[in-house]
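Residue numbers (numbering that gives the first Met the number 0): 0 to 309.
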Amino acid sequence: MNEISSAAKALVAGKLVAFPTETVYGLGANAESESAVARVYKTKGRPADHPLIVHIASQDQMTNWASTVPEYAIALAEAYWPGPMTLILERSKLANDFVTGNQNSVGLRVPNHPVALELLKAFTELGGKGIAAPSANRFGKVSPTTAKAVSDELGEFMEPGDMILDGGFSEVGIESTIIDCRGDAPKILRPGSITIEMIEKATNLSLDETESTLRVSGALDNHYSPKAQVLLDQPPLIGDGFIAMANVETPEGAIRLASPQTLDEFARVLYQSLRDADSQLLTRVVVWQPIGNGLAIAIRDRLRRASNKG
Ligand code: TXA
Ligand code: MG
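Here you go:
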C-alpha cells in the first residue's frame with residue numbers, strides 16, 4: 000500500500016496527517032471528526048476559536064460545506080482552483096462549530112499540489128468530505144515550507160499513527176489569499192499570491208475594501224514570527240541576518256540569508272530564510288521589503304506581522 004493511501008486511512012481513523020500544499024504545509028484532520036480536529040488545535044497550541052480551512056478535492060464539493068455560493072465565488076473557483084486561494088462562504092450543516100471556531104462561515108480551498116490532491120482523492124474515495132488543515136506550525140510561528148520544517152516544529156507533539164507526507168519545497172511559500180465571499184463583492188481578508196488584479200479580473204467586480212470584523216488568526220498583529228527579532232528597512236548591524244532582493248548588496252558584516260531575483264522567489268524563500276536565521280542562532284534579521292503591488296503586498300503583510308513582537 001502506498002504512503003498516500005495509508006495517509007488517507009489514517010485520516011479516516013482520526014489520526015493527523017501533515018501534508019504539502021503549494022503554499023505551505025498543512026496539519027490535516029478529518030474535518031467531520033470533532034476529536035481529530037481537537038487534536039489539531041492541541042498539536043498547534045492554537046486557541047479553539049480560530050477557524051480552520053477545509054481542504055476539498057474539487058470545486059463540486061463546495062456545496063457540501065457551503066449553504067450559499069454566490070456567482071462570483073464560482074467564477075473565482077473556476078479561475079483559480081486548484082490554487083492558493085481560500086473562499087469564505089456561508090456554512091452548511093456539515094461545517095460544525097469545532098471547525099469554524101463558532102463562526103457561521105466556512106473557509107474552503109482546493110490546494111494545487113500533486114500530493115495534496117492525491118491525498119484528497121484517496122480520502123474522498125474512502126467517504127471523507129474534507130480535510131481541515133491549518134499551517135503545520137505552532138501557533139504564532141513561521142509556517143513550514145518543507146517536511147523537515149514540519150517535523151522540527153511539531154514532531155514532538157505528534158502521536159503514533161500520525162504521519163508527515165514529504166512533497167518537497169512549497170512552491171508559493173506564503174499562505175493562500177483568503178477572500179470573504181458573503182457580501183455583494185469579494186473582500187480580501189488575507190493577501191496572498193492570488194492578487195487584487197486577479198480577483199477583479201475573474202469576477203468583473205471591484206473589491207469591497209471596507210474593514211473586516213472577521214477573526215482571522217493570521218491577522219493577529221504578532222504572527223509568523225521566528226525566534227530572531229525581525230527588523231524592517233534599516234541598516235543591519237554586524238552579525239545580523241539580512242534578506243533583500245538580489246540587486247541589493249550585502250551591507251558589511253551582515254549575514255546574507257536570501258537574495259531573491261523576483262517577487263515569486265521572495266515569497267518562496269522567505270519563511271525558510273527566517274528559519275535559517277534561527278538555526279544559525281542569529282538574534283536579529285533585517286529584511287528590506289520588496290516594493291510594488293501584487294505579491295509584494297502579501298510579502299509585506301507577513302513581514303509586518305513577523306516584525307511585530309507586541
Ligand atoms: O495556504 C493556506 O491557507 C494554508 C494551507 C495549509 O492551506 N493554511 C493556512 O491555515 O494558512 P491557517 O489556519 O494557518 O490560516 C487560515 C486562516 C486563519 O487565519 C483563519 O482564521 C482563517 O483562515 N479562516 C478560516 N476559516 C475562516 C472563516 N470561516 N472565517 C474567517 N476566517 C477564516
Ligand atoms: Mg497559520
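Glycine included, each C-beta is placed from N, C-alpha and C at the ideal position.
What number of angstroms, rounded off, separates the C-alpha of residue i from the C-alpha of residue j?
i	j	result
PRO133	SER66	22 Å
SER216	HIS49	Bear in mind that a pLDDT of 46 at SER216, under 50, signals an unreliable position, so the number given afterwards is only what the model happens to contain. Their backbone Cα atoms lie some 6 Å apart in a straight line.
GLY160	PRO259	38 Å
LYS186	MET244	30 Å
ASP179	PRO69	11 Å
ALA227	PRO46	24 Å
ILE237	ARG299	24 Å
ASN95	GLU31	8 Å
GLY129	VAL36	12 Å
ILE224	LEU75	The question names Ile, yet the displayed sequence has Ser at residue 224. Approximately 31 Å, taken between the alpha carbons.
ARG214	LYS8	Only weak support exists for where ARG214 lies, its pLDDT of 47 falling under 50; the value from the coordinates is given anyway. Looking at the two C-alpha atoms, the distance is approximately 32 Å.
GLY182	THR42	34 Å
GLY126	GLY291	45 Å
ALA12	PHE122	11 Å
ALA276	GLU124	42 Å
ILE198	LEU206	8 Å
THR22	GLY252	33 Å
LEU204	ALA78	14 Å
LEU118	LEU93	20 Å
ALA28	ALA131	5 Å
PHE97	GLY106	13 Å
ARG283	VAL229	6 Å
For residue i, which three-state DSSP category applies?
i	result
GLY154	helix
ASN63	helix
MET197	helix
PHE138	coil
SER216	With a pLDDT of only 46 at SER216, under 50, the local geometry of the prediction cannot be trusted, and no value is derived from it.
GLU70	helix
ASP179	strand
GLU89	strand
GLY291	coil
ALA9	helix
ILE254	strand
ARG283	strand
SER224	strand
SER192	coil
VAL36	helix
LYS186	strand
LEU107	strand
VAL268	helix
ILE3	helix
VAL229	strand
Can we count residue i as close to ligand 1, meaning its CB is less than 7 Å from some heavy atom?
i	result
ILE298	no
GLU170	no
ALA257	no
VAL174	In the sequence on display, residue 174 carries Glu and not Val. Yes, the Cβ of GLU174 comes within 7 Å of a heavy atom of ligand 1.
ALA253	no
LYS108	The question names Lys, but residue 108 in the sequence shown is Arg. Under cutoff, so the answer is yes.
THR20	yes
ILE339	Residue 339 falls outside the range modelled here, since the chain spans only 0 to 309, and no answer is possible.
GLY167	no
GLN102	yes
HIS112	no
ILE198	no
GLY44	no
VAL68	no
Hey, is residue i close to ligand 2, as in C-beta under 7 Å from one of its heavy atoms?
i	result
PRO235	no
ASN136	yes
GLU152	no
PRO185	no
SER142	yes
PRO133	yes
With residue i and residue j assumed to form a contact (beta carbons below 8 Å), what rounded beta-carbon distance in angstroms separates them?
i	j	result
LEU231	SER306	5 Å
ASN103	ARG90	6 Å
ALA72	LEU88	6 Å
GLY154	VAL114	With a Cβ gap of about 19 Å, GLY154 and VAL114 do not count as contacting.
ARG189	THR176	7 Å
ILE254	LEU281	7 Å
Using a threshold of 7 Å, is the CB atom of residue i nearer than that to any non-hydrogen atom of ligand 3?
i	result
LEU188	Looking at this structure, you won't find ligand 3 anywhere; what it does contain is ligand 1 and ligand 2.
- So does the segment 16-26 actually touch the segment 108-118, counting three or more Cβ pairs closer than 8 Å? yes
- Is the segment 74-93 in contact with the segment 191-199, if contact means three or more CB pairs nearer than 8 Å? yes
- May I ask you to verify whether the segment 147-154 touches the segment 51-70, counting CB pairs closer than 8 Å and requiring at least 3? no
- Assess, as a yes-or-no matter, whether the segment 167-185 is touched by the segment 265-284 under the definition of 3 or more beta carbon pairs within less than 8 Å. yes
- Item | the segment 278-292 in contact with the segment 229-247 per 3-pair CB rule at 8 Å | yes
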